[in-house]
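When we follow our numbering, the leftmost residue of the sequence shown carries the number 1098, and every step to the right adds one.
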Amino acid sequence: MRSTRSTTLKQPLSLLVAALATLLGLLALAPTPAHAAQPAGAAAAATGLHISDGRLVEGNGNDFVMRGVNHAHTWYPGQTRSLADIKALGANTVRVVLSDGYRWTRNTPEDVAAVIADCKTNRLICVLEVHDTTGYGEDSAAGTLDHAADYWISLKDVLAGQENYVIVDIGNEPWGNTNPAGWTDPTIAAIKKLRAAGLQHTLMVDAPNWGQDSQGVMRTNARSVYSADPTGNLLFSIHMYSVYNTAQKITDYLNAFVTAKLPLVIGEFGGPADQWGDPDEDTMMAAAQQLRLGYLAWSWSGNTDPILDLATDFDPARLSSWGERVFHGANGIAQTAREATVFAGTGTDTQAPTAPGTPTASAVSLTSVTLSWPAASDNVAVTRYDVVRLSGTTETAVASSTTTGVTVTGLTPETAYSFAVYARDAAGNRSARSTAVTVTTAKDTGTPGAGCSVGYRVVGEWPGGFQGEITLRNTGTTAVNGWTLAFTFPSGQTVTNMWGGTPTQSGAAVTVASASYTAAIPAAGSVSVGFTGTKGTTNTAPTSFTLNGKTCTTS
């Protein structure tokens, strides 16, 4: 992951060095390991979620493929609605950040029991992880895997009987880039310690190199680590960020484990570009779907680096572009997740909801529209609605809601749009599509009594890229409700990711439509838009901006 509680991104410079070395062929990955046989006695110990023939399966033998996200519970314990919101967006799994007390406030047995109950109430498989181990050996504040194992043993009474619902991730990213080969023995020792204490749950182990295994230590030693578990219920976790910036790197790594029949999940991954590179999240998600491997995106909300927030301020109605990609994009959660059958007893819910009623449009502005529709019905319960934009035979997901209404933002003035709605239940069944509604956004005639000032600054730069911030100030006497900002990059820059607005770029010309939470600018008020972009040798700032067609002063 990237740091949640610090303004410093978690992958240090040494990770970049390792990644570049890999690109240069100086750190060759080990050959694919041979088929790993199930340890003796594994079948007898297989209760609840377990490993069978290199795959994660449920107690009834059904394949289970994780589709979910990470949630920073230990730092945001008051966000008690998060699991319900994550489920409503279609996830079947949540990875929950906990602390063993070494670095952050220890999560008590009562708190962990409440988290497990919340997961079960929301029909989510619960991956529990200790975060204090992050970057051990390189980060002096990190705790050991042995300390984390003691914490899990202290929770034995809470975890007992939850093998159908809980996976124990022993420690998050439990080794940095300093001597990553040191990861292997402590990992084996922690596994043996937990099994000797009687824990029968499927255990998850994260890779070294801050989870990314850039030097192939986990890949090389996976068979010996797996064989150290007498139950055979061990799942490897790779974290994919900027080290995995090409399709070849991603598919090579995933296929190595699949070919060896060693169980693997993408326990964390990111998509937005940063100063270390641009992760190829499209390949990660597509390859995971093709290989039937689980993935868990980082992270629901609360990141100091907001480009990794799937939801803004923990609000499921304010998904970021990253959140829209993970939940509603190709090979995303809404499209591919299937609920664990343990939540449906011996059978599964296969009955889809009825189609929602025809949506109606209201509050039509330059760049947004509010849609509402009559509810669908279901034999169990409707958990959410997916709104799509129609263009001929093409559908584009634009919003989701747990209620019968939503505001769609990022639209273009004086443009006709057609929208329709699907209903979805907790088992992932999707209804037929509603009848469409067509609406035309308002004409841009300027804003009487409005004036504007725009501030543009570069927050940080790195070779080939940068992070920028644009502040829009309403210097007029009336509020702005819905806006479109336009400017031109003078040095060939391009926007790669944005929060606070929806960008459209054609050549050097950039147009930004307001997000739902930045659309209103009161008189004398301001809003900010952040973005990452690419650049060449120069990075000259734009000199002219218009807001809703009106030229703004610059500051």
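Glycine residues also receive a C-beta, built at the ideal position from the N, C-alpha and C atoms.
Residue i vs residue j beta-carbon contact at 8 Å
i       : j       : result
Ser1623 : Ala1539 : no
Phe1628 : Gly1589 : no
Gly1502 : Thr1537 : no
Pro1403 : Trp1172 : no
Thr1509 : Ala1583 : no
Ala1533 : Leu1487 : yes
Ala1088 : Ala1452 : This structure gives no information on residue 1088, because the portion of the chain shown stretches from 1098 to 1652.
Arg1164 : Thr1433 : yes
Lys1184 : Thr1447 : no
Pro1376 : Tyr1350 : no
Gly1525 : Gly1198 : no
Ala1385 : Thr1348 : no
Ser1396 : Ala1169 : yes
Phe1440 : Val1484 : no
Trp1373 : Ser1339 : yes
Ser1196 : Asp1229 : yes
Leu1407 : Val1166 : yes
Nearest-angstrom Cα separation, counted from residue j out to residue i
i       : j       : result
Lys1647 : Phe1424 : 36 Å
Gln1135 : His1298 : Residue confidence for Gln1135 is low, a pLDDT of 49 falling below 50, so the modelled location carries little weight; the figure read from the coordinates is stated next. Taking the straight line joining both Cα atoms gives about 16 Å.
Val1427 : Leu1393 : Strictly speaking, residue 1427 in this sequence is Ala, with Val absent from that position. When rounded, the distance between both Cα atoms is 15 Å.
Met1381 : Leu1388 : 11 Å
Tyr1262 : Glu1558 : 44 Å
Ile1567 : Gly1367 : 24 Å
Asp1303 : Val1495 : 34 Å
Thr1438 : Asn1157 : 9 Å
Arg1435 : Val1212 : 21 Å
Thr1504 : Ser1465 : 7 Å
Thr1281 : Ala1287 : 10 Å
Ser1459 : Pro1471 : 15 Å
Ala1576 : Thr1409 : 23 Å
Gly1151 : Asp1266 : 18 Å
Ala1294 : Ala1325 : 15 Å
Gln1312 : Ala1370 : 22 Å
Thr1637 : Pro1587 : 6 Å
Phe1563 : Pro1639 : 14 Å
Thr1104 : Ser1613 : Its pLDDT being 26, under 50, Thr1104 is placed unreliably by the model, and nothing is read from it.
Leu1180 : Cys1216 : 7 Å
Environment of residue i [buried if 16+ CB atoms lie within 10 Å]
i       : result
Val1555 : exposed
Arg1178 : exposed
Val1255 : buried
Asp1522 : buried
Ala1353 : buried
Ser1497 : buried
Gly1444 : Only weak support exists for where Gly1444 lies, its pLDDT of 48 falling under 50; the value from the coordinates is given anyway. Answer is exposed; the Cβ neighbour count stays below 16.
Val1477 : exposed
Pro1130 : Confidence at Pro1130 is low in this model, with a pLDDT of 38, below 50, so the placement of that residue is unreliable and no value is reported for it.
Asp1160 : exposed
Gly1630 : buried
Ser1531 : buried
Pro1283 : buried
Ala1278 : exposed
Nearest-angstrom beta carbon gap, residue j and residue i [assumed within contact, 8 Å]
i       : j       : result
Asn1578 : Ala1621 : Their Cβ separation, rounded to whole angstroms, is 15 Å, which puts Asn1578 and Ala1621 out of contact at 8 Å.
Pro1360 : Asp1182 : Between Asp1182 and Pro1360 the Cβ distance is about 29 Å, and since that is not below 8 Å, they are no contact.
Ala1617 : Thr1581 : That pair is no contact at about 14 Å.
Asn1269 : Thr1231 : 5 Å
Val1224 : Val1193 : 7 Å
Thr1585 : Gly1598 : 16 Å between Cβ atoms; not a contact.
Thr1190 : Gly1391 : 7 Å
Asn1276 : Gly1240 : Not a contact, Cβ separation roughly 17 Å.
Val1314 : Pro1305 : 5 Å
Lys1632 : Gly1552 : That belief does not hold up - the Cβ atoms of Lys1632 and Gly1552 are roughly 19 Å apart, past 8 Å.
Thr1535 : Tyr1519 : 18 Å between Cβ atoms; not a contact.
Glu1365 : Gly1308 : 6 Å
Glu1260 : Thr1144 : 5 Å
Val1362 : Ser1334 : 5 Å
Met1301 : Ile1264 : 6 Å
Thr1601 : Thr1608 : 5 Å
Ser1474 : Thr1457 : The Cβ separation is near 19 Å, so there is no contact.
Asn1318 : Ile1148 : About 17 Å; that fails the 8 Å criterion.
For residue i: DSSP bridge partner residues
i       : result
Val1592 : Gly1630
Val1609 : Leu1582 and Pro1600
Cys1216 : Answer is none; Cys1216 lacks a bridge partner.
Tyr1514 : Val1536
Phe1333 : Val1302 and Leu1361
Gly1565 : Val1555 and Phe1628
Thr1651 : Val1551
Gly1374 : Asp1371
Residue i beta carbon near the ligand HEM (any heavy atom closer than 7 Å)
i       : result
Gly1562 : Questions concerning the ligand HEM fall outside what the structure shown contains, since it holds no ligand whatsoever.
8 Å Cβ cutoff, residue i in contact with chain D
i       : result
Thr1281 : This model lacks chain D altogether, as it is built from one protein chain only.
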